[in-house]
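Number of protein chains: 2
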Amino acid sequence: MHETQRQRTRDLLREEGLERALFSHLDSVKWLTGYAPQVQLGGNHFAGGPALVWYEDGHFTLVVLDIDAEHAGAFGDEPDGTLLTYPGYAVEEPVRSPEHIATALGTLTGSASGPIGVEMHSLPAHLYEIVQAAGDPVAIDGRLVPLRMVKSEEEIALLRRNFELSDLGHRVAAVTTRPGLREIDVWTAIHSAINREAGFRVPLGNDCVVGYRDPNNVGGWPKDLEIKGDTALIVDLSTAYGGYWSDSCNVYYATEPTERQIGIHRVIEETLVFAISLIRPGVPCRDVDGKVRAFVEKRGYPVYPHHTGHGVGVSVHEEPRITPYNDTPLEEGMVIMLEPGIYFPGETSCRLEHGLLVTKDGAEVLTSHIDPL
Amino acid sequence: MHETQRQRTRDLLREEGLERALFSHLDSVKWLTGYAPQVQLGGNHFAGGPALVWYEDGHFTLVVLDIDAEHAGAFGDEPDGTLLTYPGYAVEEPVRSPEHIATALGTLTGSASGPIGVEMHSLPAHLYEIVQAAGDPVAIDGRLVPLRMVKSEEEIALLRRNFELSDLGHRVAAVTTRPGLREIDVWTAIHSAINREAGFRVPLGNDCVVGYRDPNNVGGWPKDLEIKGDTALIVDLSTAYGGYWSDSCNVYYATEPTERQIGIHRVIEETLVFAISLIRPGVPCRDVDGKVRAFVEKRGYPVYPHHTGHGVGVSVHEEPRITPYNDTPLEEGMVIMLEPGIYFPGETSCRLEHGLLVTKDGAEVLTSHIDPL
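Listed in order, the protein sequences are those of chains A and B. All the letters of the first sequence, read from the start, carry residue numbers -13 to 359 under the numbering used here. All the letters of the second sequence, read from the start, carry residue numbers -13 to 359 under the numbering used here.
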């Protein structure tokens, strides 16, 4: 599990002359080990710090709170992997997990000298002091991000499962959106259906907003805003299963869409088809971004204020970003989202988003939640 | 808003001779400012670090990601409070929020010398380096925890609202628990009802487990385990509204409880009544803990493997912990949970939990979700 990811990381660190490194960003930890903890309550408050991966001489050690070991799968059985747990919850004495994780880390770092790669943005200061005592910290934040762009078969399978779950959510949205309900009512129906299908609690993002929101009808979490007769409802769904995320967006109408809504929707349908036609290995992301924006602008509509798309994996938004500045060329095996939109704050809005696997000579659409209007 | 909290903090820091301090633990930040961000997706991944509170000469500055300012309420209008935001999401250039939060912090710390109180366990290393450059870090982790024990009127109002929401969840559990459904089905019904009542997404913990789970029928997140005819279902609910949490537990039976289940349930009902009778100012927590454990043991049942209770506030579990080691005396204005249980793994389990406000001469029960069997 996740051997490909660890080999790419090993190659990177060797190129950089780093024999030791400490990863503390959850996305890095998930990607290196398959560790997939629950996130919906904002982290386990009995933990002494974030889950860590210590790298030394080609070997990876995952450090997690004892009760979180169940989310580590079989990582500890891998030939290049060790699972190290530390105690958290206690009744006979105060919870001392910050000390326990520090002790665990100290047994790994030892006291040799030399450079140690460190994800600075996510490593707490009390653990950073241990690294400082064991060597010379070298910032490596974001260094795994480019390595994560091309997905392994194992990752693509997890992403496919997530897209199935978000597709299900959209089927529920389609039959639930009706006048008199509120954003939150549609959302709870979607989330319940996804949880019941999965058989456990699945984190769910992103947006469920009526088109008449003003000023922001681009995105946001559901509120008690009413779905009225002529309301367009943007539903943008990301599920997290096995540590990987899906993404997807569609628009639902409470009754029949107005002529103007139909016009906007058709343009975005055409824009999305056009955008997908641009996807193939070798094309720079900025070219896709520029052409898609121009397509919308040429039709007389305001250009959306967000990215044209982005990669998806252990994070909902990751590289390659389909943005004006990004020179990165598309590669076979990347999984990307495309999501053009048109927004008239206070009136209506539309965004359609598909997920795609970049193939040898084009793209495979991984989402099936959009029917033509 | 939260003036009481800031005054207690000011007094503490002055006693310690600290004119400057940096708080980075979310519980501290919420408690000092009322900031209440969404947590269900594991934090905003466009943020450059945790929300921060910088303290200097009696004044508090809250540092948050631009789009998270909406969760800060009117804190920036307080005479002793300033709201400082930094940019995150960007389209025309890469997201550089870790640099932006560092820049924002740097404008606050300046370059004077002298001690700076630091919550080390939650401050990322790249921000810690800024503090190190601006003075001499002094660890103050956990120092606000005792100050948080006695609640203000404002906090008690928020806790009451949360207990109303968890009470609602229990009413739904009572009518939903039936043979053929699964843990996850009951859970989604509960969570949907709470979200619809609140009008927005409410984080929800903690447990929904069939009594026949083996080995752990004490707690856990709902799975696709079936509710059978003689199943006891432990439902332990915590909602988060306005940055504060509730807690609560009850047991539901798929059909009629067995004689043995009734016997266990009655003992725990009696234990909880006994536990509540012990609550008044001045009583050390360890005394409550010891007497409640002895009450269960005397009736011939195994003593529960967890705390007897705990405080609740910006965190689900906080001081005062009702545990064997805790000498802390109860005080008027504390809000505590009491939750005795009996567990026979693989067979059945029972836990009942009420929330209480410690009053001048006893306790007011804040939860209303438990009817006698």
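For each residue, glycine too, the CB sits at the ideal point set by N, CA and C.
For residue i, go through chain B and note every residue whose CB falls closer than 7 Å to its CB, in chain order.
i: residue 111/A; result: 104, 106, 109, 111, 114
i: residue 40/A; result: Per Cβ cutoff of 7 Å: no residues; residue 40/A is ~15 Å from chain B at best.
i: residue 270/A; result: The contacting residues do not exist; residue 270/A stays about 15 Å from chain B at best.
In chain order, what residues of the same chain have a beta carbon less than 8 Å from the beta carbon of residue i, not counting five sequence neighbours either side?
i: residue 265/B; result: 274, 316, 322, 324, 342, 344, 348, 349
i: residue 331/A; result: 199, 200, 201, 202, 203
i: residue 114/B; result: 104, 106, 123
i: residue 283/B; result: 289
Under a Cβ-count criterion, where at least 16 other Cβ atoms within 10 Å of its own Cβ denotes burial, should residue i be classed as buried or exposed?
i: residue 227/B; result: buried
i: residue 286/A; result: exposed
i: residue 339/A; result: buried
i: residue 222/A; result: buried
i: residue 248/A; result: exposed
i: residue 246/B; result: exposed
i: residue 161/A; result: exposed
i: residue 157/A; result: exposed
i: residue 417/B; result: Here chain B has residues from -13 to 359 only, and residue 417/B is not among them.
i: residue 191/A; result: buried
i: residue 152/B; result: buried
i: residue 243/B; result: buried
i: residue 233/A; result: buried
i: residue 143/A; result: exposed
i: residue 174/B; result: buried
Beta-carbon within less than 7 Å of residue i's beta-carbon, same chain only, minus the 5 sequence neighbours each way: which residues are those?
i: residue 16/B; result: 22, 229, 300
i: residue 319/A; result: 136, 137, 344
i: residue 277/A; result: 264
i: residue 108/A; result: 10, 11, 36
i: residue 90/B; result: 49, 70, 72
i: residue 336/A; result: 218, 237, 250, 251, 254, 327, 328
i: residue 92/A; result: 116
i: residue 214/A; result: 165, 240
At 9 Å on the CB atoms, spell out the chain A contacts of residue i, in chain order.
i: residue 193/B; result: In chain order: nothing, as chain A lies at least about 12 Å away.
i: residue 201/B; result: Those within 9 Å of residue 201/B in chain A number zero; the least Cβ separation is about 12 Å.
Counting only the same chain and skipping the five closest in sequence on each side, list residues whose C-beta sits under 6 Å from that of residue i.
i: residue 346/B; result: 318
i: residue 133/B; result: -6
i: residue 314/A; result: 271, 306
i: residue 55/B; result: 71
Which chain B residues sit within Cβ distance under 9 Å of residue i?
i: residue 170/A; result: 181, 182, 184, 185, 186, 187
i: residue 301/A; result: 31
On the DSSP letters alone, give me the boundaries of the alpha helix (DSSP H) that residue i sits inside.
i: residue 327/B; result: Careful: residue 327/B lies outside any alpha helix (DSSP H), inside the beta strand (DSSP E) at 327 to 330.
i: residue 236/A; result: It is not in any alpha helix (DSSP H) - residue 236/A instead sits in the beta strand (DSSP E) that spans 235 to 239.
i: residue 46/A; result: Element bounds for residue 46/A: not the alpha helix (DSSP H) but the beta strand (DSSP E), 45 to 51.
i: residue 342/B; result: Element bounds for residue 342/B: not the alpha helix (DSSP H) but the beta strand (DSSP E), 340 to 344.
i: residue 283/A; result: 271 to 284
i: residue 114/A; result: 111 to 120
i: residue 350/A; result: Premise fails: residue 350/A lies in the beta strand (DSSP E), 349 to 351, not in any alpha helix (DSSP H).
i: residue 88/A; result: 83 to 95
i: residue 157/B; result: 139 to 162
i: residue 102/B; result: Per DSSP, residue 102/B belongs to no alpha helix (DSSP H); it is in the beta strand (DSSP E), 101 to 104.
i: residue 98/A; result: Unbroken run through residue 98/A: none, as it is neither H nor E.
i: residue 76/B; result: Run containing residue 76/B: none; DSSP gives neither H nor E here.
What are the start and end residues of the beta strand (DSSP E) that includes residue i?
i: residue 182/A; result: No beta strand (DSSP E) holds residue 182/A; the alpha helix (DSSP H) holding it covers 169 to 184.
i: residue 307/A; result: 304 to 308
i: residue -3/A; result: First-last for residue -3/A: -11 to 1, but that is the alpha helix (DSSP H), not the beta strand (DSSP E).
i: residue 218/A; result: 218 to 227
i: residue 40/A; result: 38 to 42
i: residue 335/A; result: 334 to 337
Check the Cβ of residue i against every Cβ in chain A and list those closer than 8 Å, keeping chain order.
i: residue 77/B; result: 291, 292, 293, 309, 310
i: residue 174/B; result: 177, 178, 181, 182
i: residue 209/B; result: 185, 186
Residues of chain A with CB under 7 Å from residue i, in chain order?
i: residue 267/B; result: Those within 7 Å of residue 267/B in chain A number zero; the least Cβ separation is about 23 Å.
Run the proximity test for residue i: is its beta-carbon closer than 8 Å to any non-hydrogen atom belonging to the ligand COA?
i: residue 30/A; result: As far as ligands go, the structure on display features none, and thus does not contain the ligand COA.
Under 9 Å, CB to CB, which of the residues in the stretch 17 to 34 of chain A have a partner in chain B?
Listed by position along the chain: 23, 24, 25, 26, 27, 28, 29, 31, 32, 34.
Using a Cβ-Cβ cutoff of 7 Å, what residues of the stretch 309 to 338 of chain B are near chain A? List them in chain order.
Answer in chain order: 309, 310, 311.
Residues of the stretch 279 to 295 of chain A in Cβ contact with chain B at a cutoff of 7 Å, in chain order, please.
Here the close residues are 292, 293.
Contact residues within the stretch 125 to 142 of chain A, judged by C-beta distance below 8 Å to chain B
If the cut-off is 8 Å between Cβ atoms, the stretch 125 to 142 of chain A has 125, 127 near chain B.
Members of the stretch 82 to 100 of chain B near chain A, C-beta cut-off 8 Å:
For chain A, the residues of the stretch 82 to 100 of chain B that bring a beta carbon within less than 8 Å of one of its beta carbons are 84, in chain order.
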